[in-house]
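Counting from 1, position 81 in the sequence shown corresponds to residue 75 in the working numbering; the numbering is continuous, with no gaps. Where is the CB? At the ideal position from N, CA and C, for every residue including glycine.
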Amino acid sequence: MSASRASIFSRPILRAAAAALVPAVRPTIPARISHHFGQPSQLRSYQKINLDKRRDPNADLIFTKDHVPSLEYYKEYVKNHDPDDITAEEMHRAVDIFCSVAKRGSSTWRARLEMDHSIDSYTLHHAAAPLMEDRSMKKYLEVGFEMMATASLLSYGPSTISLMQTFLLVELGTKRRKIVSAVEAQFKRLVQTEKNPDILTIQGLVARKEGRNDAALKFLNEAIELGNAGKPPPPSIESLFSIIASPVLDNTSFTNFYLRKPRWHYEIPCRHVQGLLLLKKKQVDPSAALKALHSFLINAVELDDPVAYMQLSALHEHNARLRRYFLLKAAQVGHKEGIRLLVKEYLIQLEEAEKSASPEALREAPEIQYIWGWILIAERKRIPGQTDDTISQDLKEIDQAVKEGRAQISLGEVTNFGTFTIRIWIDEGEESRGIELII
């Protein structure tokens, strides 16, 4: 390079040229007036907050680590439900990663779950299932819904079917309308390409919700026929009632022989709704009532469904022995209303036995200590989390009096709302003290 060419780009000449471009007197720039953000210091603070937010990579995440259940949560679920081909650790990992990548306003992360993190739709579905079932924790329910929706949008049929069943039970509101529409579209495609008992069951439940009862019954009948194909037929009504009508009604050993897993995922709601629809037809079809009874009995005796036990107790309102038996079965599997109504039935039975003074009636009537045990269970169901240490002082005193044979229990007022009062008298020597419980 020549000396003259080098001198053109020398630093002294460039500085002089730059100085020539700068005015001798800087023009006055008026201060900016902010009408919205107050003082300049407040403006700088506001801008800093927004810049920090843009820099935060987690700002658009839908969930936080607080939405991830503990590993123990999943271990407990696996112990009680024994899901196929998946461990508690796999489910916990899936939720943990899902909550760290699920973003608002974007859907690209959904398709990359398997590619980047080895989380397939099967894992998503089974990790979401317990969260969808657990209605006690809203934050878990939200994660479960989003995971299940993701699996559905990735064309996993069981997730689509599960969500369709959820839509029938829960009103999700306008905020979820977009994803609901997407899942419904997935279900329509599924109906056109596959046919299985679960799809037919959901079609039946949807038809019933829309008021098309005949179409609903047709779908449900078809689901049951397809679900039973190649399997032993269910026991007849006579067989099931021969067990129930045995002398020792509280002997539950028969369930060891009859109890089985559902033949398809939604067998229980399928048979239950079929039974309800058949009951509506009993006026025009005398055989419909027996068919309905058979559906409820299968759900109860073979599938140990508490709702079926409750339905059977309602169908036998004029047979006190059977009604109490079905309520007892519902109570034994934890049905809250079943426990409450069982207490009421036992108090009525005890009162009638004492009035009649019949040795046989008194022998069959439940003892006060037994009834009190169910009352305590009903109270714990009413207020979750109660233990022997946290129940009220009144309940502790009654419990002690019952154990010592110093308490009398009777049924009090029954309200139009279905609640009833339990009157308890405690013998305290020269005096008796009365306590009332409302359950």
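Between MET85 and ALA121, the C-beta gap is smaller than 7 Å, which places the two residues in contact. For GLY99, no beta strand (DSSP E) run applies, since DSSP gives it neither H nor E.
Going by beta carbons, ALA294 and TYR303 fall inside the 7 Å limit.
Annotation for THR117: the continuous alpha helix (DSSP H) segment containing it runs 115 to 127. Nearest to SER100 by alpha-carbon distance, out of ASP388, ASN74, ILE56, is ILE56.
In this structure, TRP366 lies away from VAL337, with their beta-carbon atoms at least 7 Å apart.
Note that the C-beta distance between LYS203 and LEU162 is below 7 Å.
Runs of the alpha helix (DSSP H) lying entirely within the region 365 to 410 and spanning at least 4 residues, in chain order: 387 to 397.
GLY224 counts as exposed, since fewer than 16 other C-beta atoms from the protein chains shown sit within 10 angstroms of its C-beta. Rounded to whole angstroms, the separation of the alpha carbons of LEU107 and PRO226 is 41 Å. Secondary structure of PHE414 (DSSP, three-state): strand.
Put simply, the region 169 to 186 does not touch the region 253 to 260. Fewer than three CB pairs are less than 8 Å apart. Scanning its chain for C-beta atoms nearer than 8 Å, with the 5 sequence neighbours on each side dropped, one finds around HIS266 the residues SER289, PHE290, ASN293, ASP299, VAL301, ALA302, GLN305, in chain order.
For LYS133, the closest alpha carbon among the candidates VAL89, LYS182, THR102 is that of VAL89.
In the three-state DSSP reduction, LEU291 falls in the helix class (H, G or I). Counting along the chain, ARG427 sits inside the beta strand (DSSP E) bounded by residues 426 to 432. The alpha-carbon separation between ILE433 and ASP114 amounts to approximately 47 Å. In the structure shown, ASP421 falls within a strand segment according to DSSP collapsed to helix, strand and coil. LEU55 carries a strand assignment under DSSP once its states are collapsed to helix, strand and coil. Take the alpha-carbon of ALA82 and the one of MET142: they are about 17 Å apart.
Around the CB of SER153, 16 or more other CB atoms lie within 10 Å, so the residue is classed as buried. Here ARG317 is buried. Its C-beta has 16 or more other C-beta atoms within 10 Å.
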